[in-house]
Amino acid sequence: QLQLQESGPGLVKPSETLSLTCTVSEDTIGTTDSFWAWIRRPPGKGLEWIASISFTGSTYYNPSLESRVTISVDTSKTHFSLRLNSVTAADTAVYYCARGLIEIFGALMRFDPWGQGTLVTVSS
Amino acid sequence: NFMLTQPHSVSESPGKTVTISCSRSSGSIDSTFVQWYQQRPGSSPITVIYEDDQRPSGVPDRFSGSIDRSSNSASLSISGLQTEDEADYFCQSYDRSNHVVFGGGTRLTVL
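Protein chains in written order, with our numbering: chain A, 1 to 124; chain B, 125 to 235.
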């Protein structure tokens, strides 16, 4: 059963860069018709899609975050990563990585499974 | 892009049925599939409905999904409410440019 696990610093200073890695339990990145994604949930708020990367390496970003975000896949194809620049307190959230499943027309449709999530706090 | 609007909270008694709505702001609700996720405190989201009305294996048949073209909305119904159903529920859809949209989430309280 596919499992995903987020890792990275739990505390980031304002204006610095948040960097997270998602480790995928099976050798599936780049070998299946899947996307890989980052989603976050700030305290007291709802889920927010951040970014996705396709099995071909194409990247897709939430327009509200696009200027600050980069998603990438490690050359080993066992990890994918998120970088979020110039963070503020508003970026404090639980960050989840997830596999994206596609619909019949090839578009990213839904997420399953999700990692357990990692809390990132932005504070000096 | 479009938005998905959900009620902030709903509450109902054990054994009853509750329905949570998800209204799409622009574009047809049936242009792309709608999913529903359940998130309990301290846990990751899990899928309870995908492709508008499909239930993953392991999800009780008390959970059902539907879409209504006349109101341009989707709905999640949970019958025979149990205390374990108390959670946040999120609808989600997408466009064919691979951008994803979540609804704001609904807090379900089982009184």
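The beta-carbon is built from N, C-alpha and C at its ideal position, and this holds for glycine as well.
Owing to the predicted nature of the structure, the values given are computational and were not obtained by experimental measurement.
At the level of alpha carbons, what is the spacing between residue i and residue j?
| i | j | result |
| --- | --- | --- |
| ALA198/B | SER145/B | 6 Å |
| THR88/A | GLY151/B | 33 Å |
| THR21/A | LEU4/A | 10 Å |
| CYS97/A | VAL142/B | 30 Å |
| THR70/A | HIS223/B | 15 Å |
| GLN1/A | GLY227/B | 28 Å |
| SER147/B | GLY139/B | 26 Å |
| THR56/A | PRO63/A | 21 Å |
| TYR60/A | GLY46/A | 20 Å |
| SER190/B | THR28/A | 32 Å |
| SER248/B | ILE202/B | Residue coverage of chain B in this structure runs from 125 to 235, which leaves residue 248/B outside it and unanswerable. |
| GLY204/B | TYR213/B | 17 Å |
| THR129/B | THR121/A | 28 Å |
| THR233/B | THR171/B | 19 Å |
For a contact meaning CB atoms closer than 7 Å, what does residue i contact in chain A?
| i | result |
| --- | --- |
| SER168/B | TYR96, TRP114, GLY115, GLN116, GLY117 |
| GLN159/B | ARG110 |
| TYR218/B | ALA107, LEU108, MET109 |
| PHE187/B | Under the 7 Å cutoff, chain A gives no residues; its nearest Cβ is about 15 Å from PHE187/B. |
| THR171/B | ARG110, ASP112 |
So residue i contacts chain B; which residues on that side make the cut at Cβ distance below 7 Å?
| i | result |
| --- | --- |
| SER25/A | None at all; the shortest Cβ gap to chain B is about 15 Å. |
| GLU103/A | PHE157 |
| GLU48/A | PHE226 |
Of all the options the options, which has the alpha carbon lying nearest to the alpha carbon of residue i?
| i | options | result |
| --- | --- | --- |
| GLN216/B | SER137/B, PRO169/B, ARG164/B | PRO169/B |
| GLU16/A | TRP114/A, THR92/A, ILE104/A | THR92/A |
| ILE153/B | SER133/B, ASP192/B, GLY227/B | ASP192/B |
| PRO180/B | GLN159/B, PRO165/B, PHE226/B, GLY228/B | GLN159/B |
| ARG68/A | ILE102/A, LEU84/A, LEU101/A | LEU84/A |
| SER72/A | PRO43/A, GLY10/A, GLU103/A, SER19/A | SER19/A |
| SER25/A | GLY10/A, SER76/A, ILE53/A, GLU66/A | SER76/A |
| SER34/A | THR121/A, VAL120/A, LEU119/A, LEU108/A | LEU108/A |
| GLN162/B | THR230/B, SER221/B, MET127/B | THR230/B |
| GLN206/B | GLU136/B, PRO165/B, TYR218/B | GLU136/B |
| ASP74/A | GLY30/A, LYS13/A, PRO9/A | GLY30/A |
| VAL134/B | SER155/B, SER221/B, ALA211/B, VAL183/B | ALA211/B |
Who are the Cβ neighbours of residue i in its own chain at under 6 Å, not counting the five residues just before and after it?
| i | result |
| --- | --- |
| THR23/A | GLN5, HIS79 |
| ALA51/A | TRP38, TYR61, VAL69, ILE71 |
| PHE157/B | GLU175, ASP176 |
| LYS13/A | SER124 |
| SER149/B | PHE126, MET127 |
Who are the Cβ neighbours of residue i in its own chain at under 8 Å, not counting the five residues just before and after it?
| i | result |
| --- | --- |
| PHE111/A | ALA37, ILE39, ALA98, ARG99, GLY100, LEU101 |
Which residues of chain B have a Cβ atom closer than 9 Å to the Cβ of residue i, listed in chain order?
| i | result |
| --- | --- |
| SER52/A | ASN222, HIS223, VAL224 |
Run through chain A and tell me which residues come within less than 8 Å of residue i, C-beta to C-beta.
| i | result |
| --- | --- |
| PHE214/B | GLY46, LEU47 |
| GLY151/B | Ordered by position in chain A, no residue passes the 8 Å Cβ test against GLY151/B, which lies about 13 Å from the chain. |
What do you reckon, is the C-beta of residue i under 7 Å from a heavy atom of the ligand MN?
| i | result |
| --- | --- |
| ASP192/B | This structure lacks the ligand MN; in fact it carries no ligand of any kind. |
- Item | Residues, ordered as in the chain, of the segment 173-185 of chain B that lie near chain A by beta-carbon distance below 9 Å | TYR174, GLU175, PRO180
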